[in-house]
Each structure stands twice: as structure tokens, then as C-alpha cells.
Amino acid sequence: MNKAELVSAVADKAGITKAQAAAALDQVLGGIASALRSGDKVTLVGFGTFSVANRGARTGRNPRDNKPIKIAAKKVAKFKPGKKLADEVNGKGGKKRK
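Mapping of the sequence shown onto the UniProt record's numbering: position 21 corresponds to residue 21, and the numbering continues sequentially without gaps.
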């Protein structure tokens, strides 16, 4: 599923226009990116947690000539799925019966 398909699905489920769904999705993604940029974690209970990790500088190899190259340190975005999402992906989700 790409972004356009997600926007269509949200619009259909929520009973709103695609433009409204696209604007809402853009705001959600922008909010997550902004929080990560400032070093915060974003936790969506049941879905997962977005966070930032520091990847240290290291030495790699150029595949063309096999010479060592320096790879600079950088920050990377991480996502850890929540239990509910993990269960859905593994076919264990669904509504509980009484």
C-alpha cells in the first residue's frame, strides 16, 4: 500500500474527502517527524513507538576497489511495533469474544 492508497482507505473508512484525509495524514506524519527531529519518542499505544538512535561512525569498504572508507556518525529513525500490531501481523489479532 502506498500513500495514495492509504489516503483513499482513510477517506472511505472515515467518511471524509480524500483531500481531508491527505491533509490529516500529512499532519500526523509531520508531527511524528517534528517530534523525532527534536529527539522525542512518539508512542502510539497498540501500534508502536517511533524513536531516534545514534549510529556511530565506522569504517566500511568500497565495493568497487575494496578500499576502506569512513562512514560518518548519524541519527536514524527506529520503529518498534506494539503488541497489538505484532499480533495483527501474525494473524492473532481480531476482536476478543466473550
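Think of the CB as a built atom: it goes at the ideal place given N, C-alpha and C, for glycine as much as any other residue. Computed from a predicted model, the values in this text were never measured in an experiment.
May I have the straight-line CA-CA distance separating A72 from S34, to the nearest angstrom?
Working through the sequence shown from its first residue, we reach residue 72 at position 72. Working through the sequence shown from its first residue, we reach residue 34 at position 34. Going from the Cα of A72 to the Cα of S34 covers about 23 angstroms.
Straight-line gap, A86 to G46 (C-alpha atoms, nearest Å):
Residue mapping note: residue 86 aligns to position 86 of the sequence shown, counting from 1. Residue mapping note: residue 46 aligns to position 46 of the sequence shown, counting from 1. Going by the C-alpha atoms only, they are around 9 angstroms apart.
Of the residues R61, R58, V42, A57, the one placed nearest S51, counting alpha carbons only:
As a working note, residue 51 is residue 51 in the sequence shown. Ranking R61, R58, V42, A57 by Cα distance to S51 puts V42 first.
Cutoff 8 angstroms; reference L36; Cβ partners in own chain excluding five residues on either side:
For the purposes of this step, residue 36 is identified with residue 36 of the sequence shown, where counting begins at 1. Excluding sequence neighbours, L36 sits near V42, F50, S51, V52, A77.
Limits of the unbroken alpha helix (DSSP H) element including A24:
Here residue 24 refers to the residue found at position 24 of the sequence shown. Its alpha helix (DSSP H) spans residues 18-37.
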